[in-house]
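Chains as they are written, first to last, in the working numbering: chain A, -10 to 223; chain B, -10 to 223.
Shown next, in the form of C-alpha cells:
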C-alpha cells in the first residue's frame, strides 16, 4: 500500500458545515478499518473574522491557519467554506501547499450538467467567485434580486445559529425556485450551510453540492486516484 | 467577552468516533453564531498504530501529534479514544500541554451514579486504565469473560468497518446485559465505538458515556467555566 497524503482543512466557517464535510470525506473513503482512512488535519476555527462584513480581516487569519496546518503535517489543503475562497491565492502563497478548489469543483460540475445558466445560492463574496469561474467556461450566472439575497443571508445566519427543520427547508427551497424561475438550469449550493437544510429532492433541476464533490476529490487526491492540483504560481 | 482556549484533539481512533465527539462539543456549546463556538484543532489520524496489538508503537506517534497540535495553537488537549490514554503521560510530557482525561472523567461519573461496581465495555488496554481509576475511588470493576471479550473486540472492528443497525445494537446490548448479570450497577461505554451503536435506552442500569462527558468538560474548560487541569508533573 502506498502512503496516502494528509489533507489539511481550513474549517469552522461554520463549525457544523465542517463536520458535514468531514463526514462526507469518511463516507466516500473505501475503508474496512481505521487505517484505511486518510489522515485529516482540521482547524475548526470559528473565530475567523466574518467573511461577509466589509473590510474583513479573514485573509491573514486563514493564511496563518494554513501555515500551521503545513507545520503539523498537511500535504494538500481544502477550505470548507465557499466565501473564504476569496483568499485562496493568499492561503496557497502563505502555506506553499496546493489547494483543492471548491469553487472550481462546483463550477465544473455545473457545466457537466449541460446547463448554460447556473443559479447560485451563496453570499455576495461567493457569487463574485462563481461568476468568474462560470464565465471562464462560457456559462451564465443567475442570482437572487437584492431583496431576496438579503433574506437568504438572514436565513444563513439562522442555520449557523442551529435552526433546522421543514420551515427552514421550505424557505431555502423558495430561493432555489426563484432562481429556476429566472432561468437557472441547475442550482449550485454555493454556501456550505445550504446542503445542511436542502437536498436534491427539494428542487426539480440538478442540485450541485460543491462541498460533497470537494470531499470526493479530496479522498481521490489523497489516495492517489487523482493528480494533486498544481501549487500556486504567481 | 474573554478569549476562549483552543482545544487540541488527538483523533482518528476511529475516525467516526472522532466526528461523534466533535459533534457533541458543538452541541454542548451555547452558540448563536459561528464566533461563539470554541476553536478546535483536530488531528484525525487513522494511521496511529493499532492500540490493541502487543508492542504497539502508538505512543511515540501520539506524542508527535500532540506536539504538532501545540505548534498549531492548541492550549489544552483531549484524546478521543479510551485505549490511547495508556500513553497519556508521554503525550503530556511531549507537548507540555494539560490533558482533559477521559478515563478520569468516566470513572468519576461512574462513582457519582452511586454504584459500587462498574461494568466496562472496552479493550483490554482500556480495562486496565479503568481498573486503576475505579480502584482509586474504592470501586470494583466488572469485565466480560475472556470468550465474550474476544467477541466484543470482533464487534468493535465491525463497527470501525462501518457496520450499524439493530443487529449490531442487539449484540452490544447483550454484552452490557452480561455485565449487569455479573453484578455491574452501572455500565461505562469505555470505547468510543460503543455509543455509536448503543444508548441509555439499551440498558436498565445507568450508562456512562465518557466521550460525551469529556465533550462537555472540554467546552467548560475552553470557555473558562471549569479550571484547566494541572499540567503533567513528573
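The C-beta atom is built at its ideal place from N, Cα and C for all residues, glycine as well. Here the structure is a predicted model, which is why all the values come from computation and not from measurement.
* Coil, strand or helix - residue 239(B) by DSSP -> There is no way to answer for residue 239(B), as the model of chain B reaches only from -10 to 223.
* What residues from chain E crowd round residue 146(B), counting only those whose CB sits closer than 8 Å? -> You won't find chain E in this structure, because its protein chains are A and B.
* **the segment 22 to 43 of chain A: positions lying closer than 9 Å to chain B by Cβ** => 22, 23, 24, 25, 26, 27, 28, 29, 30, 31, 32, 33, 34, 35, 36, 37, 38 and 39
* Count the other C-beta atoms from every protein chain shown that fall within 10 angstroms of the C-beta of residue 134(B), then say buried if there are 16 or more, exposed otherwise. => exposed
* Use the C-beta contact count for residue -10(A): other C-beta atoms within 10 angstroms, 16 or more gives buried, fewer gives exposed. => In this predicted model, residue -10(A) has a pLDDT of only 46, less than 50, meaning its place in the structure is not dependable enough to derive any value.
* Minimum Cβ-Cβ distance from residue 187(A) to chain B less than 8 Å -> no
* Asked: For the beta strand (DSSP E) that residue -3(B) lies in, which residues bound it at each end?
  -> -4 to 0
* Inter-residue Cα distance where the pair is residue 210(A) and residue -2(A) -> 14 Å
* Asked: Tell me which same chain residues have a C-beta within less than 8 Å of the C-beta of residue 19(A), skipping the five on either side of it?
  -> 25
* Asked: Exposed or buried, which one is residue 171(A) when buried takes at least 16 other CB atoms within 10 Å?
  -> exposed
* To do: Under 8 Å by Cβ, that's how I've got residue 130(B) and residue 6(B) pegged, so tell me the actual separation to the nearest angstrom.
  => Between residue 6(B) and residue 130(B) the Cβ distance is about 22 Å, and since that is not below 8 Å, they are no contact.
* **Segment contact flag, the segment 38 to 51 of chain B with the segment 68 to 75 of chain B, C-beta cutoff 8 Å, min 3 pairs** => yes
* Asked: Pick from 119(A), 190(A), 31(A) and -7(A): whose alpha carbon is nearest that of residue 132(A)?
  -> 119(A)
* To do: Output, in chain order, the set of chain B residues within a Cβ distance shorter than 8 Å of residue 15(A).
  => 4, 5 and 8
* To do: Leaving aside the five residues before and after residue 199(A) along the sequence, list all residues of the same chain whose C-beta is less than 8 Å from its C-beta, in chain order.
  => 71, 91, 92, 94, 95, 98, 177, 178 and 179
* Determine the DSSP secondary structure at residue -8(A), reduced to helix, strand or coil. => coil
* Asked: Given that residue 69(B) touches chain A, what residues does it touch there, using C-beta distances under 8 Å?
  -> Going along chain A, no residue has its Cβ under 8 Å from residue 69(B), so there is no contact; the nearest lies around 12 Å.
* **chain A contact for residue 83(B) (CB, 8 Å cutoff)** => no
* Asked: Comparing alpha-carbon positions, which option in 87(A), 207(A) and 105(A) lies nearest residue 11(A)?
  -> 207(A)
* Helix, strand or coil: how does DSSP classify residue 108(B) here? -> strand
* To do: With distances taken Cα to Cα, identify the nearest neighbour of residue 17(A) among 216(A), 221(A), 203(A) and 220(A).
  => 203(A)
* To do: Can you give me the start and stop residues for the alpha helix (DSSP H) that residue 92(A) sits inside?
  => 91 to 101
* Give the straight-line distance between the Cα atoms of residue 104(A) and residue 51(B), rounded to the nearest whole angstrom. => 49 Å
* Does any CB atom of chain A fall closer than 8 Å to the CB of residue 104(B)? -> no
* To do: Would you mind giving the Cβ-Cβ distance between residue 54(A) and residue 32(A), rounded to the nearest angstrom? I have them listed as a contact below 8 Å.
  => 5 Å
* Asked: Is residue 83(B) near residue 56(B), with beta carbons less than 8 Å apart?
  -> yes
* Of the residues 35(A), -6(A), -5(A) and 110(A), which one's Cα is nearest the Cα of residue 188(A)? -> 110(A)
* residue 179(A) touches chain B at which residues, Cβ-Cβ below 7 Å? -> None at all; the shortest Cβ gap to chain B is about 17 Å.
* Do we get a CB-CB distance below 8 Å when we pair residue 1(A) with the residues of chain B? -> yes
* Taking only beta-carbon atoms, is residue 149(A) less than 8 Å away from chain B? -> yes
* DSSP beta-bridge partners for residue 25(B)? -> Answer is none; residue 25(B) lacks a bridge partner.
* Asked: Once you ignore the five residues that flank residue 61(B) on each side, which residues in its own chain have a CB closer than 8 Å to its CB?
  -> -3 and 30
* Where residue 9(A) falls, given that 16 or more other Cβ within 10 Å makes a residue buried -> buried
* Given that residue 62(B) touches chain A, what residues does it touch there, using C-beta distances under 7 Å? -> 57
* In whole angstroms, what is the alpha-carbon distance linking residue 106(B) and residue 116(B)? -> 13 Å
* **Beta-carbon contacts of residue 161(B) that lie in its chain and below 6 Å, excluding the five residues immediately before and after** => 186 and 187
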